[in-house]
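> Residue numbers (our numbering), protein chains in the order written: chain G, 3 to 492; chain A, -5 to 389.
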Ligand code: SF4
């Protein structure tokens, strides 16, 4: 939360519509994302009830477990879902690019594309994670053998859920979170967690404004919840009798059809909503650093995919070293993700300006040819004086970079009221005169920030023993235990 | 159930206007601590008003329904754990936690017939007294406890077991959310720990009332939950000291209901009639989004708070960002610079003004057809409007 977002929320209340908190899209959107709306049975940790999924808004596939407590039906469903997910993964691979070999001469490759899964909300991510956990250790032989696709599903879902933890990754996106990164509404984050209410503010249906659309969205009869939890009234009045009838009929197709129809009625509204939400996001121009982050996602995908056959399922819990590394890794990516977003988006940069870590204003005078001749050899050190209204909170000597051209570096020489004097120190070329157009000119508006995006660097495939979890999980010696394969799933 | 007005002895019961009193349970008490500054809730709870009925009468019934699938599963799990005098639970405490539990006695204090709560409470006290003195008894299921809330006495019917081990009591709470690989959903664990803390507190009051050291009730409680994806129970010891401190502090700070009630206009009651809305509005509320999960009045209060433009509807973090300015209109006016801030708001006002300018500037410089671009800023002369490119993004 920041004052800027708070202000945007107030403006949303005043206008009755969501207000933008981003001017570009900060996530990658695949042309053919796999949209998944999972539902689970109330009261259970991860008993799937149904999923509506597909890559074409006009052709959703509905998978249902007519009796969620029946183990065979549940594993049948898991196998069906597994085939759809694995098919998507394979279809979204694209060609294989060969990259420059690493320093030690190792071959490096990257798939041109990567699969993307879209779920409505955080609960959807959590459910996929649990579904992954409950299926990845299943044995494909012996007395409790399941379809070989089932443990594969588990490993893929686990990987997707892990990547979702990583700031800036777009492989698995929760729509409510992604939308909130771009719009602020006149309601609290609690209400924003309801996709229909959030979309009501962002894109209200004809004749409604944000508040009335959101109010409508809170009626579970008009707008069934986006899952994975179902509406208790639906459970009690529709689903329970339908499941009971299914049980009584001994699993008749007609009874199953009744359950499918009931469940579909709960899923279709969210399905439509999810695609509309994607439309809204797609209408925003993509942020400049999005392709770079997607490249990291593709690296992770390439690695996980290529190692898949050779690797055991991901461990249940990270050991201490891995957990520490993971934390460090997440923190680092959080920082650089935030910095990148600010460079991509003046509205995000405004946060830094408000905090005094960046400032923007008009160039009032310059000495573009100034040289520092105190050392052995003269150095190009132009002066730029900027008038700003921002509350600058930088010390003299602080290093800053130009927001529009992060290569252009400078140092704060003095701050005098609204005037900031900068000495430019780098990014102007190798000569003693700057390359044309690099040193800002009087009258020009500029923004400089003290927060720099550290480079993500080219990725190297680590040694097996050094595999970071981000690259498809640990090579920890996982010994398949009978207990895992037979773990009760009731 | 027979009406039992005993626990509103200091008498706010007249405020119910003849409606039936509602019982407290640990959930409602733990929830009470979620918004201790709310006078409306304080009074309604102290007078044992049925808030759910009130909200429904006002047209704001809270959707607190539960799925029968969840109820069935919860009951089945609890029954399984407690079957045969808690055989499974004992095995769990012995094997998993390595507790040395010698011989075992199990007493269910569940009500028999139409027994009043006072009688049940006496029975609980009696058994506990014996246990404290002689060490007899191991498991006491469904004890009926008492706790003072805002100067009012409330009964608690916890669905827990008081479990005696080595002269100390532990609270054992059976929950049906799963613990997967040693982890459960943090909100559910937090809620369970808060509830258990209330039970610990009530048990301690009882023990102290019997002339024993309240510390004989341990701050370590046991949560019993299904493990992973099975029905097999697992027990986790939880130290509820932090929750105890919070609950104790909040209960002590609870707005004194009697004082508030004294300030209410005469004759107002929470009876379910035409006067209800006036009564409710006569007592000040303090709505925050957390109310949605903790108070039956939430939809009503949210509507009211929104109607009067309270920033609290956006959540505490937003309110904090706004430096405590609690009106949307005031905050917007400050941001637009059309209202002179009072001295204590000067800093917030300045922050808001800068934020508003930065927002305007950034939106005007949006690199492409961003949605509602504000046209307000005139482009500098000689520069094409969109190319105002104030931030030189393409330089
Ligand atoms: S919902 Fe209303 S009555 Fe209940 S705690 Fe919140 S503000 Fe108070």
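For glycine and all other residues, C-beta sits at the position ideal for the given N, C-alpha and C.
Check whether chain A comes within 8 Å of residue 443(G), counting only Cβ atoms and requiring the distance to be less than that.
no
> With a threshold of 7 Å (Cβ to nearest heavy atom), would residue 301(A) be considered close to the ligand SF4?
no
> Counting Cβ pairs closer than 8 Å, one from the segment 133 to 141 of chain A and one from the segment 102 to 121 of chain A, do we hit at least three?
yes
> Looking at residue 339(A) and residue 319(A), is the spacing between their C-beta atoms short of 8 Å?
Closer than 8 Å, so yes.
> Please report whether the beta-carbon of residue 63(A) lies at a distance below 8 Å from any beta-carbon of chain G.
yes
> Check the DSSP bridge columns for residue 390(G) and list the partner residues they point to.
As a beta-bridge residue in DSSP terms, residue 390(G) pairs with 363(G).
> Answer with buried or exposed for residue 1(G), where buried requires no fewer than 16 other C-beta atoms within 10 angstroms of its C-beta.
Chain G is shown only over 3 to 492; residue 1(G) falls outside these bounds and no answer can be derived.
> So with CB distances below 7 Å, who are the chain G contacts of residue 315(A)?
Listed along chain G, the residues sitting closer than 7 Å to residue 315(A) by beta-carbon distance are 3, 4, 5 and 8.
> Per DSSP, which one or two residues make a beta bridge with residue 236(G)?
Here residue 236(G) is not bridged, per DSSP, to any residue.
> Under a Cβ-count criterion, where at least 16 other Cβ atoms within 10 Å of its own Cβ denotes burial, should residue 354(G) be classed as buried or exposed?
Residue environment analysis places residue 354(G) among the buried positions, since at least 16 neighbouring C-beta atoms fall within 10 angstroms of its C-beta.
> Roughly how many angstroms separate the alpha carbons of residue 2(G) and residue 386(G), rounded to a whole number?
Since the first residue shown for chain G is 3 and the last is 492, residue 2(G) is missing from the structure and cannot be characterised.
> Relative to the C-alpha of residue 214(G), which residue among 199(G), 22(G) and 223(G) is closest?
199(G)
> Using the beta carbon as the reference atom, which residues fall closer than 6 Å to any heavy atom of the ligand SF4, ordered along the chain?
29(A), 32(A), 34(A), 35(A), 279(A), 280(A), 281(A), 285(A), 289(A), 291(A), 292(A) and 295(A)
> To which residues does DSSP link residue 52(G) through a beta bridge?
Per DSSP, 41(G) and 66(G).
> At a Cβ cut of 8 Å, what residues of the segment 309 to 332 of chain G count as close to chain A, listed as they run along the chain?
318 and 319
> Name the chain A residues whose beta carbon is nearer than 7 Å to that of residue 355(G)?
Chain-order list of chain A residues neighbouring residue 355(G): 352, by C-beta distance under 7 Å.
> Counting only Cβ pairs nearer than 8 Å, list the residues of chain A close to residue 45(G).
61, 63, 64, 65, 66, 67, 68 and 170
> Skipping 5 residues on each side, what residues in its chain have a beta carbon closer than 8 Å to that of residue 396(A)?
Any question about residue 396(A) goes unanswered here, given that chain A covers just -5 to 389.
> My guess is that residue 141(G) and residue 223(A) are in contact by the Cβ rule of under 8 Å, so how many angstroms apart are they, rounded?
About 15 Å separates the CB atoms of residue 141(G) and residue 223(A); that is not less than 8 Å, and the two are not in contact.
> Kindly provide the ranges of any alpha helix (DSSP H) runs that are 4 or more residues long and lie completely inside the segment 122 to 172 of chain G, ordered along the chain.
124 to 137 and 151 to 166, all fully within the segment 122 to 172 of chain G.
> Do the segment 22 to 34 of chain A and the segment 271 to 287 of chain A touch if we need at least three Cβ pairs shorter than 8 Å?
Segments in contact, yes.
> Check each residue of the segment 188 to 200 of chain G: if its Cβ is closer than 9 Å to any Cβ of chain A, include it; give the result in chain order.
188, 189, 190, 191, 192 and 193
> Please report whether the beta-carbon of residue 417(G) lies at a distance below 8 Å from any beta-carbon of chain A.
no
> Taking 8 Å as the threshold (beta carbon to beta carbon), is residue 134(A) in contact with chain G?
no
> Rounded to the nearest angstrom, how far is the Cβ of residue 422(G) from that of residue 440(G), given a contact under 8 Å?
So it is not a contact: roughly 19 Å between Cβ atoms.
> Count the other CB atoms, across all protein chains shown, that sit within 10 Å of the CB of residue 177(A); report buried if there are 16 or more and exposed otherwise.
exposed
> Which of the three DSSP states, helix, strand or coil, is assigned to residue 69(A)?
Residue 69(A): helix per DSSP, three-state reduction.
> Which residues in chain G have a C-beta closer than 7 Å to the C-beta of residue 345(A)? List them in chain order.
Those within 7 Å of residue 345(A) in chain G are 5.
> Buried or exposed: residue 70(G), going by 16 or more other Cβ atoms within 10 Å of its Cβ?
Buried.
> Could you tell me which chain A residues have their CB closer than 7 Å to the CB of residue 132(G), listed as they occur along the chain?
Contact annotation for residue 132(G) against chain A: 174 [CB-CB distance below 7 Å, chain order].
> Using C-beta distances below 8 Å, list every residue in its chain close to residue 93(A), excluding the 5 sequence neighbours before and after it, in chain order.
87 and 159
> Alpha carbons only, please: which of 163(A), 355(A) and 310(A) is nearest the one belonging to residue 212(A)?
163(A)
> Span of the alpha helix (DSSP H) holding residue 356(G)?
348 to 356
> With 7 Å as the limit, tell me which residues of the segment 300 to 327 of chain A have their beta carbon closer than that to any beta carbon of chain G; keep them in chain order.
307, 308, 309, 311, 312, 315, 316, 322, 325 and 326
> With a threshold of 8 Å between beta-carbons, can residue 478(G) be considered close to chain A, or not?
Residue confidence for residue 478(G) is low, a pLDDT of 46 falling below 50, so the modelled location carries little weight; the figure read from the coordinates is stated next. Interface residue (Cβ-Cβ distance to chain A less than 8 Å): residue 478(G) is not classified as such.
> Are the CB atoms of residue 356(G) and residue 434(G) within a distance shorter than 8 Å?
no
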